DNA sequence: CCCTGATTCGC
DNA sequence: GCGAATCAGG
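Residue numbers (full-length UniProt numbering): 1 to 175.
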């Protein structure tokens with residue numbers, strides 16, 4: 001696999017976001033974590049402050065903005081540090097995701113029309129960041145439906161999030 | 001033993 | 001330029 005401009009840009013973005021080299025390699029595909037690190041060096045990108053990082057990749061979920069945060073935003077999900085075992089090998093990661101999508105049975109998604117099931121690392125500026133499921137469980141994911149540039153959520157979740165409590169009383173807000 | 005990034009060096 | 005091998009560390 002060669003380093004196209006797109007792949008290089010993605011590498012830069014993910015590295016800037018603080019993803020580990022192995023995670024970036026998994027997302028790019030076709031490259032090892034060594035290749036990623038090597039490329040980072042050649043690009044003269046700023047390395048990590050200290051080598052070795054933390055064994056378990058613990059990353060806090062980024063909230064939109066304090067002012068834009070909806071009153072009923074599932075605080076439990078976003079406040080807690082999500083400690084997934086995704087630090088694993090690229091292969092492991094793929095298997096994990098595959099099994100997840102095959103076996104996943106919507107427990108309470110009856111109200112939610114559609115949702116891609118994205119892992120934290122798959123979120124971009126344009127994907128709905130509505131958390132679904134228990135952050136401590138393996139099936140935790142994000143809605144991931146394409147969101148407008150203005151909102152951190154897709155149309156459906158934006159309504160749930162920003163609607164006054166009285167108005168959304170009817171909707172079963174079970175995430 | 002799992003992981004992390006850093007460096008080297010043959011290709 | 002590339003990245004596997006290796007190193008150094010948590």
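The beta carbon of each residue, even a glycine, is placed where N, CA and C say it ideally should be. Keep in mind that this is a model prediction, so the values were computed, not measured.
Legend entry - Anticipated Cβ contact below 8 Å, residue 25 with residue 33, distance rounded: 5 Å
Inset, instruction - Tell me where the alpha helix (DSSP H) around residue 12 begins and ends. - result: 5-16
Legend entry - Straight-line gap, residue 6 to residue 29 (C-alpha atoms, nearest Å): 13 Å
Inset, instruction - Kindly give me the distance between the Cβ atoms of residue 21 and residue 37, rounded to whole angstroms, as I take these residues to be in contact under 8 Å. - result: 5 Å
Inset, instruction - Kindly indicate which residue of 3, 130 and 142 has the alpha-carbon position closest to the one of residue 42. - result: 3
Legend entry - Buried versus exposed call for residue 19 [16 or more other C-beta atoms within 10 Å across all chains shown]: buried
Inset, instruction - With residue 34 as the anchor, note down where its alpha helix (DSSP H) starts and where it stops. - result: 33-42
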